[in-house]
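Here's the structure, in structure tokens; my notes come after.
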Amino acid sequence: MASSSSVVKPTPTGPQVFICFRGADVRSHFISYLDPALREANINVFIDDDELLGSDLVHLLKRIEESEIALVIFSEDFTSSYWCLEELAKIKECKDQGRLKVIPIFYKVKPSVVKYLKGKFGDHFRDQIRNLRHQPERTQKWEDALLSIPESIGMPLAAQSEKTDKDFITSMVIKIQKSLDYMAVRREIEANRQGVSIIPARKPKAEANPQGGSMVPAREQEREASHQGGSLVPSMVLAKDLVITHFDKPQVWTWSTINEAPNSAEIEIATSNKLYWLKIVGTITTENLTPGTKYEAVFVVKLENNASGWEIPVTLKLKVVQHDGDDDRVDRTENLNDYIGQNWVDILAGVFVVPPKTTPATIICTMYQYADEYKKKGLVVKGLAIRPTN
Numbered sequence: 001m002a003s004s005s006s007v008v009k010p011t012p013t014g015p016q017v018f019i020c021f022r023g024a025d026v027r028s029h030f031i032s033y034l035d036p037a038l039r040e041a042n043i044n045v046f047i048d049d050d051e052l053l054g055s056d057l058v059h060l061l062k063r064i065e066e067s068e069i070a071l072v073i074f075s076e077d078f079t080s081s082y083w084c085l086e087e088l089a090k091i092k093e094c095k096d097q098g099r100l101k102v103i104p105i106f107y108k109v110k111p112s113v114v115k116y117l118k119g120k121f122g123d124h125f126r127d128q129i130r131n132l133r134h135q136p137e138r139t140q141k142w143e144d145a146l147l148s149i150p151e152s153i154g155m156p157l158a159a160q161s162e163k164t165d166k167d168f169i170t171s172m173v174i175k176i177q178k179s180l181d182y183m184a185v186r187r188e189i190e191a192n193r194q195g196v197s198i199i200p201a202r203k204p205k206a207e208a209n210p211q212g213g214s215m216v217p218a219r220e221q222e223r224e225a226s227h228q229g230g231s232l233v234p235s236m237v238l239a240k241d242l243v244i245t246h247f248d249k250p251q252v253w254t255w256s257t258i259n260e261a262p263n264s265a266e267i268e269i270a271t272s273n274k275l276y277w278l279k280i281v282g283t284i285t286t287e288n289l290t291p292g293t294k295y296e297a298v299f300v301v302k303l304e305n306n307a308s309g310w311e312i313p314v315t316l317k318l319k320v321v322q323h324d325g326d327d328d329r330v331d332r333t334e335n336l337n338d339y340i341g342q343n344w345v346d347i348l349a350g351v352f353v354v355p356p357k358t359t360p361a362t363i364i365c366t367m368y369q370y371a372d373e374y375k376k377k378g379l380v381v382k383g384l385a386i387r388p389t390n
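Numbering-wise (the UniProt record's numbering), the sequence shown opens with residue 1 and increments by one.
Structural data, given as structure tokens:
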């Protein structure tokens, strides 16, 4: 099998990502760093080292059709690979059909060199054209793709950059995660418009309201709600209903239950054992909240006495995705070191005002820290609370 490309298989909860790269240029160093970094970020990666022997180009082109994101890693010798150029043409075809998001990565080659076929990059391509001069339609598709794909917003790493491959890869992973998160929200919005229900991996129990509202309970038996204007307000999205990176790996997170009061139901919480990349996401809709009311969203957590590795603040993000697809976002940081040894604390993600019921919004709250030089432990997560505020 040629060494020109690799494929990232779909994760259980995310779309498939396809990576197109020239193996001779980047496999032994750049890809060898990128692969574990993506896995650590809970993006399930498949590179062609793991592909079945004997797989052909048609098989890889089919993988592109099945994907929703493509990473194209342009390097100096990219155009010397027939397979890379065939994959690139297929990527452009799917992109033009609106079926694929493309993120070009310019690895130690300038975007203008790619687009205008300069230097060795261009020389290799012209060699390909000469070798396939009897297939002008094929080579024209390649040229069109080389002109089109660099127009997408990408990420360049200059040959003389002070940024290391590791730092650049960290930025790449963050961009890919943001793209995956955004696409998930867009799918949910589209499904809501079409009247399709999306069932989460762990569906919370809901309590009905006589007026037609519902809520995600903070406890299995105890219910807390606010009746403002007849709406039942959700009080807590439990830790078990959040999307926590590596939640299913016992070496990273330990799951346990607590009882906060006599005769109360058990609450499932998550405690970090050893992690480098923290990411927790909670999503709600405003359908059962009171229009015109301001709410705060807070992560309810505590840090054990032996918690460590939290020297770098976490980033908190609240995004309000409007009914028409526009979104507003608020970012802030918080130093969790300040809360070591305390009881449960509220870590503010942000505040928002509920839109009219006819145009409900989706609220996405995220807490993350991608500082992989610090091994972190001792964070206990109870859930995400949504409360009216002044």
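The C-beta atom is built at its ideal place from N, Cα and C for all residues, glycine as well.
Reduced DSSP category for residue i - H, G, I as helix; E, B as strand; rest coil
i: Ile258; result: strand
i: Asp324; result: coil
i: Ala41; result: coil
i: Asp150; result: According to the sequence displayed, residue 150 carries Pro and not Asp. Looking at Pro150 - three-state DSSP - the assignment turns out to be helix.
i: Leu242; result: coil
i: Tyr116; result: coil
i: Gly378; result: strand
i: Trp142; result: helix
i: Val173; result: helix
i: Asn337; result: helix
i: Gly309; result: coil
i: Val252; result: coil
i: residue 397; result: No information on residue 397 is available, as it lies outside the stretch 1 to 390 that the chain covers here.
i: Thr283; result: strand
i: Gly383; result: strand
i: Ala24; result: helix
i: Leu100; result: coil
i: Asp127; result: helix
i: Gln16; result: coil
i: Lys178; result: helix
i: Phe78; result: helix
i: Pro111; result: helix
i: Gly292; result: coil
i: Arg133; result: coil
i: Phe106; result: strand
C-beta contact flag for residue i and residue j at 9 Å
i: Ile244; j: Val281; result: yes
i: His316; j: Met367; result: Note that residue 316 is Leu in the sequence shown here, rather than His. In this structure, Met367 lies closer than 9 Å to Leu316 by Cβ.
i: Ala89; j: Ala145; result: yes
i: Ala297; j: Leu348; result: yes
i: Val330; j: Tyr339; result: no
i: Glu151; j: Lys101; result: no
i: Thr283; j: Cys365; result: yes
i: Cys20; j: Glu93; result: no
i: Arg67; j: Gln128; result: Going by the sequence as given, residue 67 is Ser instead of Arg. No.
i: Ile176; j: Ile91; result: no
i: Ser80; j: Arg22; result: yes
i: Tyr33; j: Lys178; result: no
i: Gln322; j: Thr359; result: yes
i: Ile31; j: Pro104; result: no
Contact belief for residue i with residue j at Cβ below 8 Å, rounded distance in angstroms
i: Gly292; j: Lys375; result: Not quite, the Cβ-Cβ distance comes to about 45 Å (not below 8 Å), so this is no contact.
i: Lys294; j: Thr389; result: 6 Å
i: Phe299; j: Leu180; result: With 8 Å as the limit, Phe299 and Leu180 do not qualify as a contact, their Cβ atoms being about 21 Å apart.
i: Leu117; j: Trp83; result: With a Cβ gap of about 19 Å, Leu117 and Trp83 do not count as contacting.
i: Thr285; j: Thr271; result: The Cβ separation is near 29 Å, so there is no contact.
i: Val252; j: Lys274; result: 6 Å
i: Lys249; j: Ala307; result: That belief does not hold up - the Cβ atoms of Lys249 and Ala307 are roughly 19 Å apart, past 8 Å.
i: Leu61; j: Trp142; result: Actually they do not touch by this definition, with Cβ atoms about 14 Å apart.
i: Leu336; j: Val314; result: 6 Å
Local Cβ density within 10 Å of residue i, reported as buried at 16 or more and exposed below that
i: Ile153; result: exposed
i: Ile258; result: exposed
i: Tyr370; result: buried
i: Val353; result: exposed
i: Lys382; result: buried
i: Thr362; result: buried
i: Asp25; result: buried
i: Gly341; result: exposed
i: Gly119; result: exposed
i: Leu52; result: A caution first: Leu52 carries a pLDDT of 47, below 50, which makes its placement in the model unreliable, though a value can still be read off. Result: exposed.
Are the segment 71–87 and the segment 121–139 touching, with three or more C-beta to C-beta distances below 8 Å?
Contact holds between the segment 71–87 and the segment 121–139, because three or more Cβ pairs, one in each stretch, are under 8 Å apart.
Is it a yes or a no for the segment 168–180 touching the segment 28–43, going by three-plus beta-carbon pairs under 8 Å?
The segment 168–180 is in contact with the segment 28–43.
When you compare the segment 134–141 with the segment 106–122, are there three or more beta-carbon pairs, one atom per stretch, that lie closer than 8 Å?
The segment 134–141 is not in contact with the segment 106–122.
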